[in-house]
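Positions in the sequence shown are counted from 1; adding 4 to them yields this note's numbering.
C-beta atoms are modelled at their ideal positions from N, C-alpha and C, and glycine is treated no differently.
Owing to the predicted nature of the structure, the values given are computational and were not obtained by experimental measurement.
Below is one structure, written out as structure tokens; the observations come after it.
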Amino acid sequence: IEIKFKGEANVEWTETESTKRDDGTTEEHTVYFKGHEKYFENNYYLVGGSHDDLILPEGEHSYPFSTILPPTLPSSFEGTHGHIRYTAKVKVDRPWKFDHEAKSAFSVICPVDLNTNEKALVPVKQEIEKKFCCWCCESGPLTLVLALPVIGYVAGQDIPVTIEIDNASNISVVDVVCKLKKLITFIANEPYGSKKEEEITVGEIVFDGVTANGSNTATISMPVPPVPPSDLDNCSIIDLTYYLKVTAEVQGCHANLKASTPIIIGTIPIMSYQPAFQTWGTTTIGDIPSSTGPGWRVPSGDNNLPPSYAEITESAEGTLPAPVAPPSEPMHGPSAPPYPDIPSPTFQESIFGTNDIKDSEDNQYTLGSMNFVPRYPVYNFVRK
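Written as structure tokens, this is what we have:
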């Protein structure tokens, strides 16, 4: 019985390109772009070995196992055109018969400490304006101010967004839309270097606009759901950034007024910053009250935790010798938390749903769930 642990990143997509023939006509063909990074692969035997003959008696046999993970792994990520994925796959070798195989994926989190990132601590105040022209007349300006106390946040936290609109024009603002966006860049190196970007809305809040020659100021709360941390450190073929975008949608055929600012999503919150309306608590993100703004919507994740190692192995009673030891590095116990005043987060499923983890090494007989959702740390903030 052999087990294999593997960590890798893959990107893949297709594009249609045109080439010009000698006779002046064009020909279209499909280009397959791909990229790959391998982070580790650990193989060892739970029972037996490559040259051992061993017969398992009829019955149920359980074998606890472990492995050492490299300290610089990127966070798990699943996307449309690529993934960073960690799996364990076990094979029961049966001579002269088909082998039995089972596979499972697991989540890895690369810590992103917002306290050590100077950019995350910076407040934001952005002011933009525009004027509308109708025939020969120019109206007064429409001014939009976007303000944030800091740029860095963690899942489970609310982003307090202050929006000021001063409409000195004669054009009404119909709606104001605030979106938390995720921008993913997939980077291929075969057959040659290329990039593909994908933009996804993580959360959206819509509230009433401002009449002509009117003004309004509002502070809204944009929840940060379970999402992967920014940048995907230690991965060079997938990049991930977040930003907040505010759009004042104006009446008629005029162009809308837009403002945006980067957002950094970490795994350890800023200790020097706590919003006035939030404190540490024991509830989960699903218990945080919803925004009262009209049209507010944000996807929700699964709050269930995976079973602990103790639960899995509590009743394990193998009838054969214990598994062969994994790689010889010493096992390390958990280190002391860098910020003991911060309660431990829960780990909740990504809001973006399940992903098929079947790859070229699997076949129709590979057992285990081929649907996987990575989990990310979520801190339990509650409103005062």
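Asked                                                                                         : Found
Where Asp291 falls, given that 16 or more other Cβ within 10 Å makes a residue buried         : The predicted model places Asp291 with a pLDDT of 36, which falls under 50 and marks its position as unreliable; any figure quoted below should be read in that light. It counts as exposed.
Limits of the unbroken beta strand (DSSP E) element including Asp366                          : Unbroken run through Asp366: none, as it is neither H nor E.
Simplified DSSP state of Asn220, which is helix, strand or coil                               : strand
From Ile5, Gly86, Ala252 and Trp17, residue whose alpha carbon lies closest to that of Asp170 : Ala252
In DSSP terms, what His33 is bridged to                                                       : Glu21
Environment of Ser173 [buried if 16+ CB atoms lie within 10 Å]                                : buried
Whole beta strand (DSSP E) elements within the segment 213-263, 3-residue minimum             : 219-227 and 242-254
Buried/exposed call for Met275, threshold 16 Cβ in 10 Å                                       : exposed
Terminal residues of the beta strand (DSSP E) in which Leu187 lies                            : Val177 to Ala192
DSSP state of Lys123 mapped onto helix, strand, coil                                          : helix
Nearest to Thr358 (by Cα), restricted to the options Thr120, Leu148, Val128 and Ala109        : Ala109
Cβ-Cβ distance between Ile204 and Ile188 below 9 angstroms                                    : yes
Boundaries (first-last residue) of the beta strand (DSSP E) holding Glu168                    : Asp162 to Asn171
Euclidean distance between Cα positions of Lys362 and Ser176                                  : 52 angstroms
Leu152 versus Gln255, Val128 and Phe136, residue with shortest Cα-Cα distance                 : Val128
Integer Cβ distance of Ile191 from Phe211, believed to fall under 8 angstroms                 : With 8 angstroms as the limit, Ile191 and Phe211 do not qualify as a contact, their Cβ atoms being about 37 angstroms apart.
DSSP three-state assignment for Leu73, whether helix, strand or coil                          : coil
Pair within 9 angstroms by beta-carbon distance, Ile7 and Tyr49                               : yes
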